[in-house]
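Notes follow once the structure below has been shown.
Protein chains in written order, with my numbering: chain A, 59 to 314; chain B, 1296 to 1523.
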């Protein structure tokens, strides 16, 4: 089929224009799966406020970390832990000293059954359950703090044989919400009713921070985003009052 | 090198795959026989149901199983009523999920080889007054031997390689539901790349050997079987 030169160059030109427009305004962000809901809302507020857009890719922090090390095209990385962003700064995949704590994770012992989990977590000592779900402590930040809590309460060895482990916090929630595990350690963000700020369904215990190590959800600007105005703007926006209000609404803590 | 925990996952994987393969042959043989011979209107529907796991994402199958076998699901209510408790996070649950997941890899080669036997050997057996059971064991099984071998090897290998379904219903319990594919995933997630390499290398070698056997020793073509 014949396409004349004029049409062809016009087509090429328009494609170039479109792609350059897209690249100027869009940033690709890797987001820890527990931060799915707040980040979706933050991204739309970000688009309204700045005109830039943020494309979000949700998944476990460890997976995103491995992908970034293999030169994935992410520009900003919101990890559920502090470890991975620091590691990326060291390996040269992130801009040095660009990491910051964007939220403090909050852990909840939760059951889909109303009245099952008391608000002191006594059930861990006395409960007669067959399975307790947590995210895999080998790589998931929520699993690490869940283990800390059981250690603090002196029930870790007793409960270990009852562990069922989700590969990330979303899957852990699935185990508990389908009732296959009677209870489990999930993210407050997963069970919060954002209208009341309390646990929306089932029963749960919001675990005090002093029962586990620090849970600093840390973000970092990646090398690939260092020159992109949209990536830089998003990093700033995450520290803005608008974003902080959204983060708090979804049941995360803020740095003091 | 392989750690004791890695070896445990390998042994568990082979145990799941062996039991699942035995069950699939047991259930799959009569099913494939019926599918190969029937003129029933149901044939198309049953064929589609058996083939479903080939096209369905394993996470879909895993999610449905988690819900169905859970305490609120129909299967879960039934197993609880029987006094067996619920199946997710158990070895039995894992075997059942594997059977559903790998069934097409057993049924389809069997169906193809049963269909290729044709009427003649059966009529000959009938004239010699062989009972249907006798015919099955002394005529059909020997004639369909390559089909049985292909079915066993493919069913076994496919179960060894399953990941998505196990992840959804297994709960990653060491010695009970943590199979090798999940262990590799854990190693990668925990950034233990050299451990991941060792296990992944073992699986690659295993899968390659299986396919070599299929293509050279048995001279079958698994894909061709499935397309028939």
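Every residue, glycine too, gets a C-beta built ideally from N, C-alpha and C.
- Using a CB distance cut-off of 8 Å, residue 1315 of chain B does not count as an interface residue toward chain A.
- Contact of residue 228 of chain A with chain B is not assigned, every C-beta pair being separated by 8 Å or more.
- When the beta-carbon positions are compared, residue 152 of chain A and residue 279 of chain A come within less than 8 Å of each other.
- Shortest Cα-Cα distance from residue 286 of chain A to any of A/159, A/263, A/133, A/245 involves A/133.
- Residue 96 of chain A and residue 1305 of chain B have their C-alpha atoms spaced approximately 40 Å apart.
- Considering only beta carbons, the part of the region 1378-1407 of chain B lying closer than 8 Å to chain A consists of 1380, 1381, 1383, 1384, in chain order.
- Only those residues of the region 106-137 of chain A whose C-beta falls short of 8 Å from the nearest C-beta of chain B are listed: 118, 120, 121, 123, 124.
- At a Cβ-Cβ threshold of 8 Å, residue 260 of chain A and residue 168 of chain A count as neighbours.
- DSSP places residue 1328 of chain B within a helical segment (H, G or I) once states are collapsed to three.
- When the alpha-carbon of residue 1506 of chain B is set against those of B/1383, B/1449, B/1407, B/1308, the nearest one is in B/1449.
- Contact fails between the region 203-214 of chain A and the region 1337-1355 of chain B, because fewer than three Cβ pairs, one in each stretch, are under 8 Å apart.
- Within chain B, 1466, 1467 have C-beta atoms less than 7 Å from the C-beta of residue 223 of chain A, given in sequence order.
- 8 Å or more divides the Cβ of residue 1454 of chain B from the Cβ of residue 1327 of chain B.
- The DSSP-derived three-state label of residue 176 of chain A is coil.
- For the region 229-263 of chain A, the set of residues with a beta-carbon nearer than 8 Å to any beta-carbon of chain B comprises 229, 232, 233, 236, 237, 238, 239, in chain order.
- Listed along the chain, the chain A residues whose CB falls inside 8 Å of the CB of residue 1367 of chain B are 236, 237.
- At least one beta carbon of chain B lies nearer than 8 Å to the beta carbon of residue 196 of chain A.
- Distance from residue 1463 of chain B to residue 1360 of chain B at the Cβ level is roughly 7 Å; contact confirmed, criterion being Cβ atoms closer than 8 Å.
- Interface with chain B (8 Å Cβ-Cβ cutoff): residue 189 of chain A is included.
- Taken atom to atom, the span from the alpha-carbon of residue 1468 of chain B to that of residue 1386 of chain B is near 10 Å.
- With distances taken between CA atoms, residue 220 of chain A lies nearest to A/241 out of A/229, A/241, A/227.
- Nearest to residue 129 of chain A by alpha-carbon distance, out of A/174, A/283, A/182, is A/283.
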